[in-house]
Amino acid sequence: MSEAIKTDVLIIGAGPCGLFAVFELGLLDMKVHLVDILDKIGGQCAELYPEKPIYDIPGIPLVTGQGLTEALLEQIKPFNPTFHLNEMVESIEKIGDPGFRVTTDAGKVFECKVVVVSAGGGSFQPKRPPVPGIEAYENISVFYAVRKMEQFRDKEILIVGGGDSALDWTLNLHPLAKRITLLHRRDEFRAAPHSVEQMRKLVADGTMDLKIGQVTALEGADGKLTGAQLKGSDNTTSTISCDTMLPFFGLTMKLGPVANWGLHLENNLIPVETASFETNVPGIFAIGDINTYPGKLKLILSGFHEGALMSQKAHRYVYPDKRLVFQYTTSSSSLQKKLGVN
Amino acid sequence: MTKINFVDHSGETRTVDVENGATVMEAAIRNAVPGIEAECGGACACATCHVYIDDAWTEKVGKPTPMEEDMLDFGYDVRPNSRLSCQIKVSDELEGLVVTVPERQA
Numbered sequence: 001m002s003e004a005i006k007t008d009v010l011i012i013g014a015g016p017c018g019l020f021a022v023f024e025l026g027l028l029d030m031k032v033h034l035v036d037i038l039d040k041i042g043g044q045c046a047e048l049y050p051e052k053p054i055y056d057i058p059g060i061p062l063v064t065g066q067g068l069t070e071a072l073l074e075q076i077k078p079f080n081p082t083f084h085l086n087e088m089v090e091s092i093e094k095i096g097d098p099g100f101r102v103t104t105d106a107g108k109v110f111e112c113k114v115v116v117v118s119a120g121g122g123s124f125q126p127k128r129p130p131v132p133g134i135e136a137y138e139n140i141s142v143f144y145a146v147r148k149m150e151q152f153r154d155k156e157i158l159i160v161g162g163g164d165s166a167l168d169w170t171l172n173l174h175p176l177a178k179r180i181t182l183l184h185r186r187d188e189f190r191a192a193p194h195s196v197e198q199m200r201k202l203v204a205d206g207t208m209d210l211k212i213g214q215v216t217a218l219e220g221a222d223g224k225l226t227g228a229q230l231k232g233s234d235n236t237t238s239t240i241s242c243d244t245m246l247p248f249f250g251l252t253m254k255l256g257p258v259a260n261w262g263l264h265l266e267n268n269l270i271p272v273e274t275a276s277f278e279t280n281v282p283g284i285f286a287i288g289d290i291n292t293y294p295g296k297l298k299l300i301l302s303g304f305h306e307g308a309l310m311s312q313k314a315h316r317y318v319y320p321d322k323r324l325v326f327q328y329t330t331s332s333s334s335l336q337k338k339l340g341v342n
Numbered sequence: 001m002t003k004i005n006f007v008d009h010s011g012e013t014r015t016v017d018v019e020n021g022a023t024v025m026e027a028a029i030r031n032a033v034p035g036i037e038a039e040c041g042g043a044c045a046c047a048t049c050h051v052y053i054d055d056a057w058t059e060k061v062g063k064p065t066p067m068e069e070d071m072l073d074f075g076y077d078v079r080p081n082s083r084l085s086c087q088i089k090v091s092d093e094l095e096g097l098v099v100t101v102p103e104r105q106a
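Protein chains in written order, with UniProt numbering: chain A, 1 to 342; chain B, 1 to 106.
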């Protein structure tokens, strides 16, 4: 096990609420690390609607998901948070009063006084295609991500999807694979036009296959795939021989390991009390879309408010001997110093 | 107000009234029609409000835009009459519209 990273606060989820919490915690001198399962900062704003306008951020008549993420990053810059992307928090273990040891799926370990769960709808995970019995093949011959390309040398690969992941892996694995078939629901692709062009050239050269349709069933035994049944757009069925399938159907939000952290749950949400947004475990807070309380609204602005109140209580855990004096950024020279504006 | 009929996977029909200008997805969510999840809230950024348009209505409802087609790639059991209900605006023209909710959304 690697050496533990020590921090005051660990935030799980780098969406807008997690980002603004860095600001509120930072004003109160708490150092923050953030973990997010996505490969980018911004949570749903970055993954679901980077280009879409948001109209209900107070004081900002219109901003896109990406724009809000960038503005928040600018705002929290003075506090220099550390991001751990592409990682999912797996376990939280109590080691103090309060104090936690948090472990990610990459084996990274954090030791912190306070944990803030700002995980929105849970963790973004690859969408499982609607094929009966696919679970039995997962991680044996069906994979939702390519970690090591070498694993796919000399394989007969069926890649399913029409976005960048599907096209990129088609092109990258083409030199290694025994044979690649790309399957997509229609003969139009969301992926970058350049990749689509390259793929079409390989098809024209006869070194790979392109099929239009959807997978309806898998053939094989003990998790070992031997073929897939396809339904074409004209409803005809056919079978294609393959020993590996890589479906790229985008991401969906799943509660994931949050359910295993000893927190009470109501309809997959974490109940909190509304003075500090603390959960049933002292020292673990939940803010943003993932929490619930009477009157809860799933709005970004509510998550911002929750982060501010959470920080007041978190301060008591991180600095039990310090008295907290409430101050305004407009007038407090010490807050302005922290922000680097004075 | 316009009446929209949602047929669920078992064949049961729920009829809801919705004001013109709202989307078929909003009609479903406001009336707690099961099977419509609308994870992204209507931004055409997921495919969890997927419905099948009844054959008699496909022409009136129209075809998906290219952006919606892209999102439909993520849908479950997508068919030629598939649409994302967040992209269908309700108007007098759609009085009595019949849509079927797929077995599951994702």
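Every residue, glycine too, gets a C-beta built ideally from N, C-alpha and C. Computed from a prediction, not measured in an experiment: that's the story for all the values here.
Can you list, in chain order, the residues of its chain whose CB lies under 6 Å from that of residue i, leaving out five sequence neighbours each side?
i, result
"I300 of chain A", "P16"
"G232 of chain A", "G213"
"T244 of chain A", "S141, K155 and I157"
"H315 of chain A", "L28 and L324"
"A106 of chain A", "E87"
"F79 of chain A", "V22 and G26"
"G256 of chain A", "G122 and S123"
"T329 of chain A", "L335"
Given residue i, which residues of its chain have a CB within under 7 Å of its CB, disregarding the five upstream and five downstream residues?
i, result
"P58 of chain A", "L301"
"T7 of chain A", "K31, V32, H33, F110 and C112"
"L202 of chain A", "H174 and M208"
"F277 of chain A", "F285, A286, I287, N291, E306, L309 and M310"
Looking at the secondary structure, which residues open and close the alpha helix (DSSP H) in which residue i lies?
i, result
"I57 of chain A", "Segment: none, I57 of chain A is in no alpha helix (DSSP H) and carries neither H nor E."
"Q327 of chain A", "That residue, Q327 of chain A, is in no alpha helix (DSSP H); it is neither H nor E in DSSP."
"K313 of chain A", "I300 to V318"
"I134 of chain A", "Careful: I134 of chain A lies outside any alpha helix (DSSP H) and carries neither H nor E."
"G65 of chain A", "G65 to I76"
"V142 of chain A", "Looking at the DSSP string, V142 of chain A is not in any alpha helix (DSSP H), and its letter there is neither H nor E."
"K224 of chain A", "From DSSP, K224 of chain A is part of no alpha helix (DSSP H) but of the beta strand (DSSP E) over K224 to G232."
"F20 of chain A", "P16 to L27"
"R200 of chain A", "P193 to D205"
"T170 of chain A", "D164 to L173"
"L72 of chain B", "P66 to L72"
How far does the beta strand (DSSP E) with residue i in it extend, from its first residue to its last?
i, result
"Y52 of chain B", "H50 to I53"
"N5 of chain B", "T2 to V7"
"residue 345 of chain A", "Residue numbering for chain A in the displayed model covers 1 to 342; residue 345 of chain A lies beyond these limits and cannot be assessed."
"M253 of chain A", "L251 to K254"
"A22 of chain B", "That residue, A22 of chain B, is in no beta strand (DSSP E); it is neither H nor E in DSSP."
"G340 of chain A", "Element bounds for G340 of chain A: n/a, residue is neither H nor E."
"V160 of chain A", "E156 to V160"
"T58 of chain B", "Per DSSP, T58 of chain B belongs to no beta strand (DSSP E); it is in the alpha helix (DSSP H), T58 to V61."
"S123 of chain A", "S123 to P126"
In the DSSP output, which residue or residues are listed as bridge partners for residue i?
i, result
"H184 of chain A", "A:I212"
"L97 of chain B", "B:I4"
"F83 of chain A", "A:L34"
"V116 of chain A", "A:I11 and A:F285"
"V102 of chain A", "A:I92 and A:F110"
"R147 of chain A", "None, per the DSSP bridge assignment."
"T239 of chain A", "A:Q229"
"E51 of chain A", "None; E51 of chain A has no bridge partner."
"K89 of chain B", "B:T23"
"G220 of chain A", "A:L225"
"R14 of chain B", "B:F6"
Spatial neighbours of residue i within its chain, please: C-beta separation below 8 Å, excluding the five flanking residues on both sides.
i, result
"I270 of chain A", "V117, V258, L263, H264, T279, A286, I290, N291 and T292"
"D73 of chain B", "A47"
"D39 of chain A", "L85 and N86"
"E219 of chain A", "L225, T226, G227, A228, Q229 and T239"
"S333 of chain A", "N342"
"K77 of chain A", "none"
Would a check of beta-carbon distances place residue i closer than 8 Å to chain E?
i, result
"V101 of chain B", "The displayed structure is made up of protein chains A and B, and chain E is not among them."
Please indicate yes or no: does the CB of residue i lie closer than 7 Å to some heavy atom of the ligand PLP?
i, result
"T2 of chain B", "What this structure holds is no ligand at all, so the ligand PLP is not there to describe."
Using 8 Å as the Cβ pair cut-off and three pairs as the minimum, do the region 87 to 97 of chain B and the region 4 to 23 of chain B touch?
-> yes
Contact list for the region 108 to 138 of chain A against chain B, Cβ threshold 9 Å | G121, K127, R128, P129 and P130
Quick one, which residues of the region 252 to 265 of chain A are near chain B if we go by CB-CB under 8 Å, in chain order?
-> T252 and M253
Chain B contacts made by the region 15 to 48 of chain A, where a contact means CB separation under 7 Å = L48
Check each residue of the region 32 to 55 of chain B: if its Cβ is closer than 9 Å to any Cβ of chain A, include it; give the result in chain order.
-> E39, C40, G41, A43, C44, A45, C46, A47 and T48
For the region 159 to 186 of chain A, enumerate the residues whose C-beta is nearer than 9 Å to any C-beta of chain B, in chain order.
-> G161, G162, G163, H184, R185 and R186
Does the region 159 to 176 of chain A come close enough to the region 191 to 205 of chain A that 3 or more CB-CB pairs lie under 8 Å?
-> yes
Take every Cβ of the region 40 to 60 of chain B, pair it with every Cβ of the region 77 to 85 of chain B, and state whether three or more of those distances are shorter than 8 Å.
-> yes
Using a Cβ cut-off of 8 Å, which residues of the region 195 to 226 of chain A contact any Cβ in chain B, in chain order?
-> Q214
Would the region 4 to 12 of chain B and the region 95 to 105 of chain B be scored as touching if the rule is three or more Cβ pairs under 8 Å?
-> yes
Within 7 Å of chain B by C-beta, residues of the region 275 to 300 of chain A in sequence order | none
Along the region 64 to 84 of chain A, what residues have a CB closer than 8 Å to any CB found in chain B?
-> none
Report yes or no: do the region 66 to 79 of chain A and the region 44 to 53 of chain A share at least 3 C-beta pairs separated by less than 8 Å?
-> yes
For the region 236 to 250 of chain A, which residues have a beta carbon sitting closer than 8 Å to at least one beta carbon of chain B?
-> F249 and G250
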